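Q: In the UniProt record's numbering, the protein residues as written are 1 to 309.
First the structure, which I've put down as structure tokens, then a few questions once you've had a look.
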Ligand SMILES: Nc1ncnc2c1ncn2[C@@H]1O[C@H](COP(=O)(O)OP(=O)(O)OP(=O)(O)O)[C@@H](O)[C@H]1O
Ligand SMILES: [Mg+2]
């Protein structure tokens with residue numbers, strides 16, 4: 001019992017989606033700048049000017065092939081510290097694959113990914129999460145038979161310093177960490193607006209709360225970079241609006257956010273910059289207003305059902 005799977009990989013999400021790879025736990029302290037606009041005004045186009053532009057994550061000329069499919073074709077982009085970067089593109093464009101490469105689920109065919117300048121390729125998922133990346137999944141993955149609180153504790157536990165023997169002996173330091181972890185887990189559940197569900201089994205939570213719980217679990221690892229794979233999928237407009245506000249607040253807490261989202265309106269409203277993929281290639285990388293009027297992007301989205309209206 002020396003190791004607990006903190007990746008969520010062994011758990012099938014209650015939504016029962018197929019596995020798509022995992023990752024997502026311990027991390028170093030969050031970095032980034034503090035609150036920018038507490039009022040939560042939509043990130044203005046060109047908001048990057050008000051923000052520092054130190055690169056946190058660099059995706060550098062990444063190619064990912066699966067047999068004959070080139071899911072990522074020489075993709076390069078940067079996520080700057082303190083920003084909310086949107087990653088969009090039609091179905092099959094390579095967005096989730098990009099997350100999987102970044103988080104160590106897949107080793108890219110060629111190319112490199114760096115976090116704070118440190119190469120991530122060929123590191124394990126656990127190492128990468130410890131370095132500061134956490135993610136959520138397109139298909140929800142929780143430990144269904146654990147409570148909401150326990151699911152979040154999986155994230156906080158991963159940051160504990162106590163050795164396994166220390167934990168088994170329940171040394172004072174371990175007990176102290178345990179208490180702090182529980183307090184933090186409660187705080188994160190409250191932050192995500194699901195504090196009252198702490199003692200409910202994850203599988204019994206309504207769908208939207210499961211999505212929020214996944215974010216709470218990812219935040220528990222205190223990531224520098226939080227990667228959200230379509231977190232608003234299946235939400236109604238009011239829920240989307242709330243989530244958008246939460247994403248802003250997460251950034252304002254000091255975390256950098258990389259957001260995959262199909263709802264163009266949501267993406268435009270919350271992101272500072274948007275990277276667009278199509279057939280594994282990057283076709284745009286600009287502020288929202290520019291992306292919206294980019295003919296290549298418009299063409300890529302033609303006929304693709306989304307909420308772009
Ligand atoms: N493990 C895999 N094995 C083989 N092909 C894969 C694998 N993962 C992804 N692909 C392929 O890579 C391409 C990109 O898929 P990916 O899931 O990254 O797209 P996406 O942009 O996330 O799409 P969606 O919006 O539908 O979630 C697709 O052609 C997909 O079939
Ligand atoms: Mg996807």
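We treat Cβ as the ideally placed atom computed from N, Cα and C, and that holds for glycine.
Predicted, not measured: the structure shown is a model, and the values here were computed from it.
In angstroms, rounded to a whole number, what distance separates the CA positions of residue 292 and residue 265?
A: C-alpha separation (whole angstroms): 10 Å.
Q: Would you call the region 215-232 in contact with the region 134-144, where contact means no fewer than 3 C-beta pairs closer than 8 Å?
A: Verdict: yes, contact present.
Q: Under 8 Å, with one C-beta from each stretch per pair, do the region 120-130 and the region 179-188 reach the 3-pair mark?
A: Output reads no: the region 179-188 does not touch the region 120-130.
Q: Please state the DSSP three-state secondary structure of residue 321.
A: Given that the chain is displayed from residue 1 to residue 309, the structure contains no residue 321 and the question cannot be resolved.
Q: Would you kindly work out how many angstroms separate the C-alpha atoms of residue 268 and residue 287, rounded to a whole number?
A: Residue 268 and residue 287: Cα-Cα distance of roughly 9 Å.
Q: Can you give me the start and stop residues for the alpha helix (DSSP H) that residue 99 sits inside?
A: It spans 95-102 - the alpha helix (DSSP H) in which residue 99 sits, taken as one unbroken run.
Q: Could you tell me the distance, in whole angstroms, from the CA atom of residue 272 to the CA atom of residue 172?
A: The straight-line gap from Cα to Cα measures roughly 45 Å.
Q: In whole angstroms, give me the CA-to-CA distance for residue 298 and residue 184.
A: The alpha-carbon atoms of residue 298 and residue 184 are separated by roughly 43 Å.
Q: Output the distance between the C-alpha atoms of residue 62 and residue 130, rounded to the nearest integer angstrom.
A: Answer to the nearest angstrom: the Cα atoms are 22 Å apart.
Q: DSSP beta-bridge partners for residue 66?
A: Looking at the DSSP assignment, residue 66 forms a beta bridge with 69.
Q: Rounded to whole angstroms, what is the Cα-Cα separation between residue 177 and residue 56?
A: Using only the alpha carbons, I get a separation of about 29 Å.
Q: Nearest-angstrom Cα distance between residue 175 and residue 151?
A: The straight-line gap from Cα to Cα measures roughly 19 Å.
Q: The beta strand (DSSP E) spanning residue 245 covers which residue range?
A: Looking at the DSSP string, residue 245 is not in any beta strand (DSSP E); the run it does join, the alpha helix (DSSP H), is 237-252.
Q: Write down every uninterrupted run of the alpha helix (DSSP H) in the region 192-226 whose length is 4 residues or greater and which is fully enclosed by it, in chain order.
A: Segments of the alpha helix (DSSP H) lying fully in the region 192-226: 207-220.
Q: Could you pull the start and end residues of the alpha helix (DSSP H) that residue 266 belongs to?
A: Where residue 266 is concerned, the enclosing alpha helix (DSSP H) stretches over 264-270.
Q: Looking only at its chain, what residues have a beta carbon closer than 7 Å to the beta carbon of residue 74, apart from the 5 residues adjacent to it on each side?
A: Within the same chain, residue 74 has close Cβ partners 61, 63.
Q: Under 9 Å between C-beta atoms, does residue 250 make it to chain C?
A: Although the question refers to chain C, the structure presented lacks it and comprises just one protein chain.
Q: How is the beta strand (DSSP E) around residue 291 delimited, first residue to last?
A: It is not in any beta strand (DSSP E) - residue 291 instead sits in the alpha helix (DSSP H) that spans 288-292.
Q: Under a three-way DSSP split, which group does residue 276 fall into?
A: Residue 276 falls in the strand class under three-state DSSP.
Q: Report the residue from 156, 256, 245, 141 whose alpha carbon sits nearest the alpha carbon of residue 202.
A: Measuring from the Cα of residue 202, the nearest candidate turns out to be 141.
Q: How is residue 155 classed by DSSP in three states: helix, strand or coil?
A: Correct three-state label for residue 155: helix.
Q: Report whether the distance from the Cβ of residue 95 to the nearest heavy atom of ligand 4 is below 8 Å.
A: Questions concerning ligand 4 fall outside what the structure shown contains, since the ligands it does hold are ligand 1 and ligand 2.
Q: Buried or exposed: which applies to residue 49, given that a residue is buried once 16 or more other Cβ atoms fall within 10 Å of its Cβ?
A: In this prediction, residue 49 scores a pLDDT of 46, lower than 50, which makes its location untrustworthy; the coordinate-derived value is nonetheless stated afterwards. That one is exposed.
Q: Apply the 10 Å Cβ neighbour rule to residue 83 and answer buried if 16 or more other Cβ atoms are within range, or exposed otherwise.
A: That one is buried.
Q: For residue 58, name the three-state secondary structure that DSSP assigns.
A: If DSSP states are grouped into helix, strand and coil, residue 58 belongs with the strands.
Q: Does the Cβ-Cβ distance between residue 300 and residue 71 come in under 9 Å?
A: Going by C-beta atoms, residue 300 is not nearer than 9 Å to residue 71.
Q: Please classify residue 86: does DSSP put it in a helix, a strand, or coil?
A: It is a strand residue.
Q: Quick one: residues in its chain with C-beta nearer than 7 Å to the C-beta of residue 243, no 5 flanking neighbours on either side, listed in chain order?
A: Closer than 7 Å at Cβ, skipping near neighbours: 231, 232, 235.
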